[in-house]
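This report refers to the structure that appears directly beneath it.
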Amino acid sequence: MSFELSQIGLVHANGQRALRAITLSVTGGERIAIIGPSGAGKTSLLRILATSIRPSEGRVSVLQSNPWQLSGHELKRLRARIGVVHQFPPIPPRQRAITAVLAGRLGQWPWWKSALSLIYPADIAGPREQLARLDLADRLFERCDRLSGGQLQRIGVARVLYQRPDLLLADEPVSAMDPALADLTVNQLHSEAATRGVTLVASLHAVDVALRWFPRVIGLRAGEIVFDLPAVKVSDGVLRDLYASETGILPTQDNQPLTVLPAEEAAVNGLKVVVPPRVI
Amino acid sequence: MMSALPSALPPTAPLRDPAALSRAGWTLAALLVLWPLLHIAQFRPGDLFDARNLKVMGNFVGQFFPPNTSPEFLGFAFKATLETLAMATAGIALAMLLAVPLGLALSHSLSISRIGPGPGRGLGEVIRAATRFVLLVLRGIPEIVWALLLVRAFGLGPAAGVLAVAVTYGGMLGKVYSEILESGDTRPARALLESGSGRLMAFFYGLLPGSAQELASYTVYRWECAVRASVIMGFVGAGGLGQLMDQSMKMLNGGEVSSILIIFLLLVLLADAISVAIRRLLA
Ligand SMILES: Nc1ncnc2c1ncn2[C@@H]1O[C@H](COP(=O)(O)OP(=O)(O)O)[C@@H](O)[C@H]1O
Ligand SMILES: [Mg+2]
Chain Y
1 MSFELSQIGL VHANGQRALR AITLSVTGGE RIAIIGPSGA GKTSLLRILA
51 TSIRPSEGRV SVLQSNPWQL SGHELKRLRA RIGVVHQFPP IPPRQRAITA
101 VLAGRLGQWP WWKSALSLIY PADIAGPREQ LARLDLADRL FERCDRLSGG
151 QLQRIGVARV LYQRPDLLLA DEPVSAMDPA LADLTVNQLH SEAATRGVTL
201 VASLHAVDVA LRWFPRVIGL RAGEIVFDLP AVKVSDGVLR DLYASETGIL
251 PTQDNQPLTV LPAEEAAVNG LKVVVPPRVI
Chain P
1 MMSALPSALP PTAPLRDPAA LSRAGWTLAA LLVLWPLLHI AQFRPGDLFD
51 ARNLKVMGNF VGQFFPPNTS PEFLGFAFKA TLETLAMATA GIALAMLLAV
101 PLGLALSHSL SISRIGPGPG RGLGEVIRAA TRFVLLVLRG IPEIVWALLL
151 VRAFGLGPAA GVLAVAVTYG GMLGKVYSEI LESGDTRPAR ALLESGSGRL
201 MAFFYGLLPG SAQELASYTV YRWECAVRAS VIMGFVGAGG LGQLMDQSMK
251 MLNGGEVSSI LIIFLLLVLL ADAISVAIRR LLA
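Those sequence lines, one after another, are chains Y and P.
Take 1 as the starting number for the first sequence in the numbering used here and just add one per residue.
Take 1 as the starting number for the second sequence in the numbering used here and just add one per residue.
And the structure:
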């Protein structure tokens, strides 16, 4: 079991309720997309899984332990096994890409190794390999303030790939990328999860990316799970319902209109989403 | 049509700054508080221009000219300058040794138990409160008092000055370090703590890159202050330029005093240059 949430509720410090009665259980190696309008609670849900906030109600179990009953030392070890790709990469602007990627292993390295790595990188091949997977190998020694938003987001992904976590969480990991790079990045997250048999949970603003890549899709609205379906069963109606409060247009990575094929047709074509060719 | 513009504004937005009244109120309140304080401090700027006072001050300043440039005195002054620089530098180095762990302990942005909040929250708050108190005592007692105390232990000479600077400035640096670490972008450090990193490494990998410049320039500024503080401490026998100045003043030798003052200006200039260089290096 990767994680188990039962009847989770979350009220933020200012009294804002973000989650209500979330029950979810996920076995090892699953790949799950969380979609839903802005403010639905996607980030809050991922932060609970990342053990960075404690739920106000309900029980959490992550990687077979209840994080909030562990000792400080055990909690630290658990956190080192959870990798989080943040929507806005939390990387100091002056830091070099290699250092930012190496920081993924701070939870695993003894302190003296991390300290020595400040003087001379403890590992160069590792970070370069991870950056190469994301088409950024040439930026290894570049300072992060010289990178674009999409490049910085990929540095954040590379850090988590380098961390080799037992649970991979990603909060809108491709929100600043164009469709091609978004595909590349999601693909790498997938192959990492698949080859190491770990669970991947990603929140996504783009419905097409979710349906194209993730076998299981969870729809979240106003802090509640609206649906939890295999991607092939997600219908146009369900999606329009989920985003009802917004413009009625489904958000996609390339801002093109989206057609969702019914389940039977999708099974035949092996395709779930169709993006109509651009009219020139 | 120009006249259509104002009506295009939403009806709720007034055409006057709604914050103006409260701003005026605060300004007035500040003046009302300041006025009695100036009275208590017996601040009477008119006295400055009283003919008799002008003459007395003029005579005092007049004694300072010309500065003493005799090789013998400059030799003394050079040795005292080195002593002062050594005192300030050693003092600040020791102060940093004290301030870095205290500042890191105090800073909320490096608190692991706040995440969640998790285990050890109570202990963390107790440690932070104790640290805050220690820093308060260290910097709350003026360096001159520490110097007077330490001169009794170490005898006359720079050692007492060094420790007095270390103690007081350790307190100041620790407090300001922790505030600098909280005022920048704390998300990188927090993200590292959330992925199992220790506090010290979260500081080096998450906080230091963003705050190194500010930490360095504040430390250099404090070094400059320590150079000046060493004068005062010299007056109570802690050596350096201050002691030399004390002797010159007692002997009413204005030329020597003004030479020493010029050396001070040069030292402050030096501190400024160091600060600029460090900031450029870290940029
Ligand atoms: N730190 C916070 N303090 C208070 N309210 C918050 C905080 N973070 C999120 N919220 C609120 O919780 C709700 C869910 O937010 P979030 O989980 O960020 O949604 P999403 O990631 O789906 O956009 C929103 O109403 C938001 O305003
Ligand atoms: Mg979000």
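Note that beta-carbon positions come from the ideal geometry of N, C-alpha and C, so glycine has one too.
Keep in mind it's a predicted model, so treat the numbers as computed, not measured.
Alpha carbon of Leu46 (chain Y) to alpha carbon of Leu169 (chain Y), nearest angstrom: Your numbering for residue 46 (chain Y) matches position 46 in the first sequence. Your numbering for residue 169 (chain Y) matches position 169 in the first sequence. Using only the alpha carbons, I get a separation of about 7 Å.
beta-carbon Glu224 (chain Y) near ligand 2 non-hydrogen atom, thresh 7 Å: Position 224 of the first sequence, counted from the start, is the residue given in the question as residue 224 (chain Y). Incorrect: Glu224 (chain Y) has no Cβ contact closer than 7 Å to ligand 2.
Among P:Ala164, P:Gly171, P:Gly118, P:Gly116, nearest to Ala130 (chain P) - alpha-carbon criterion: Taking the first residue of the second sequence as 1, we reach residue 130 (chain P) at position 130. Among P:Ala164, P:Gly171, P:Gly118, P:Gly116, the Cα nearest to that of Ala130 (chain P) is on P:Gly171.
Below-8 Å beta-carbon distance, Met172 (chain P) vs any chain Y residue: Counting from one through the second sequence, the residue named residue 172 (chain P) turns up at place 172. It does not: the Cβ of Met172 (chain P) has no partner Cβ on chain Y nearer than 8 Å.
Lys175 (chain P) Cβ short of 7 Å to ligand 2 heavy atom set: Within the second sequence, the letter at position 175 stands for residue 175 (chain P). For ligand 2, not one heavy atom lies less than 7 Å from the Cβ of Lys175 (chain P).
Under 7 Å by beta carbon: chain Y residues contacting Pro188 (chain P): Your numbering for residue 188 (chain P) matches position 188 in the second sequence. The answer, in chain order, is Pro90, Ile91, Pro92.
Interface flag, Tyr205 (chain P) vs chain Y, CB-CB below 8 Å: The residue you call residue 205 (chain P) lines up with position 205 of the second sequence. Yes, Tyr205 (chain P) lies at the interface with chain Y (some Cβ there is under 8 Å from its Cβ).
Three-way DSSP call (helix, strand, coil) for Leu220 (chain Y) in this model: Here residue 220 (chain Y) refers to the residue found at position 220 of the first sequence. If DSSP states are grouped into helix, strand and coil, Leu220 (chain Y) belongs with the strands.
Pair within 8 Å by beta-carbon distance, Leu200 (chain P) and Trp111 (chain Y): Residue 200 (chain P) sits at position 200 when you count from the first residue of the second sequence. Residue 111 (chain Y) sits at position 111 when you count from the first residue of the first sequence. A contact, by the Cβ cut-off of 8 Å.
Under 8 Å between C-beta atoms of Thr252 (chain Y) and Ala206 (chain Y): Residue numbering aside, residue 252 (chain Y) sits at position 252 when the first sequence is read from its first letter. Residue numbering aside, residue 206 (chain Y) sits at position 206 when the first sequence is read from its first letter. Against a cut-off of 8 Å, the Cβ pair of Ala206 (chain Y) and Thr252 (chain Y) comes out as a contact.
Where Phe3 (chain Y) falls: helix, strand or coil (DSSP): For the purposes of this step, residue 3 (chain Y) is taken as the residue at position 3 of the first sequence. Note: Phe3 (chain Y) maps to strand in three-state DSSP.
For Asp171 (chain Y), three-class secondary structure by DSSP: As a working mapping, residue 171 (chain Y) is identified with position 171 in the first sequence. Strand at Asp171 (chain Y).
Contact residues within the segment 108 to 119 of chain P, judged by C-beta distance below 8 Å to chain B: The displayed structure is made up of protein chains Y and P, and chain B is not among them.
Residues surrounding ligand 1 [beta-carbon distance to nearest heavy atom under 5 Å]: Y:His12, Y:Asn14, Y:Gln16, Y:Ala18, Y:Ser38, Y:Gly39, Y:Ala40, Y:Gly41, Y:Lys42, Y:Thr43, Y:Ser44
Boundaries of the beta strand (DSSP E) in which Val24 (chain Y) is found, first to last residue: Your numbering for residue 24 (chain Y) matches position 24 in the first sequence. The sequence shown places Leu at residue 24 (chain Y), rather than the Val named in the question. Run containing Leu24 (chain Y): 17 to 26, per the beta strand (DSSP E) assignment.
Closest residue to Ile124 (chain Y) among Y:Leu134, Y:Asp135, Y:Val226, Y:Leu140 (Cα-Cα distance): Here residue 124 (chain Y) corresponds to residue number 124 of the first sequence, with the count starting at 1. The candidate whose alpha carbon is nearest that of Ile124 (chain Y) is Y:Leu140.
Closer than 8 Å to chain Y by CB, Gly155 (chain P): Here residue 155 (chain P) refers to the residue found at position 155 of the second sequence. Not an interface residue.
Beta carbon of Glu194 (chain P) nearer than 8 Å to that of Val84 (chain Y): Taking the first residue of the second sequence as position 1, residue 194 (chain P) is located at position 194. Taking the first residue of the first sequence as position 1, residue 84 (chain Y) is located at position 84. Contact: yes.
Residues that DSSP places opposite Arg31 (chain Y) in a beta bridge: Working through the first sequence from its first residue, we reach residue 31 (chain Y) at position 31. Answer by DSSP bridge pairing, in chain order: Y:Leu200.
Distance between beta carbons of Ile8 (chain Y) and Ile35 (chain Y), contact taken as under 8 Å: Taking the first residue of the first sequence as position 1, residue 35 (chain Y) is located at position 35. Taking the first residue of the first sequence as position 1, residue 8 (chain Y) is located at position 8. At roughly 18 Å, the Cβ-Cβ gap does not stay under 8 Å, so Ile35 (chain Y) and Ile8 (chain Y) are not in contact.
Top-ranked residue by Cα proximity to Arg121 (chain P), from P:Ser113, P:Arg128, P:Ile127: For the purposes of this step, residue 121 (chain P) is identified with residue 121 of the second sequence, where counting begins at 1. Taking only the C-alpha atoms, the option nearest Arg121 (chain P) is P:Ser113.
Pro18 (chain P), DSSP secondary structure in three states: Walking along the second sequence from the start, residue 18 (chain P) turns up at place 18. Here Pro18 (chain P) sits in coil by DSSP.
Contact set for Asp236 (chain Y): own chain, Cβ-Cβ below 6 Å, skip 5 residues either direction: Walking along the first sequence from the start, residue 236 (chain Y) turns up at place 236. Val260.
Pairwise C-alpha distance: Leu134 (chain Y) and Leu85 (chain P): In the second sequence, counting from the first residue as 1, residue 85 (chain P) sits at position 85. In the first sequence, counting from the first residue as 1, residue 134 (chain Y) sits at position 134. Leu85 (chain P) and Leu134 (chain Y): Cα-Cα distance of roughly 52 Å.
Interface flag, Gly196 (chain P) vs chain Y, CB-CB below 8 Å: Taking the first residue of the second sequence as 1, we reach residue 196 (chain P) at position 196. Answer yes: the Cβ-Cβ gap between Gly196 (chain P) and chain Y drops below 8 Å somewhere.
Where Gly140 (chain P) falls, given that 16 or more other Cβ within 10 Å makes a residue buried: Numbered from 1 along the second sequence, position 140 holds the residue referred to as residue 140 (chain P). Exposed, since its Cβ has fewer than 16 Cβ neighbours within 10 Å.
Neighbour flag for Val238 (chain Y) against chain P, beta carbons, 8 Å: As a working note, residue 238 (chain Y) is residue 238 in the first sequence. It does not; no Cβ of chain P falls within 8 Å.
Min CB distance Trp112 (chain Y) to chain P below 8 Å: In the first sequence, counting from the first residue as 1, residue 112 (chain Y) sits at position 112. So, not an interface residue.
Alpha carbon of Ser25 (chain Y) to alpha carbon of Val186 (chain Y), nearest angstrom: The residue you call residue 25 (chain Y) lines up with position 25 of the first sequence. The residue you call residue 186 (chain Y) lines up with position 186 of the first sequence. Each residue's alpha carbon lies about 23 Å from the other.
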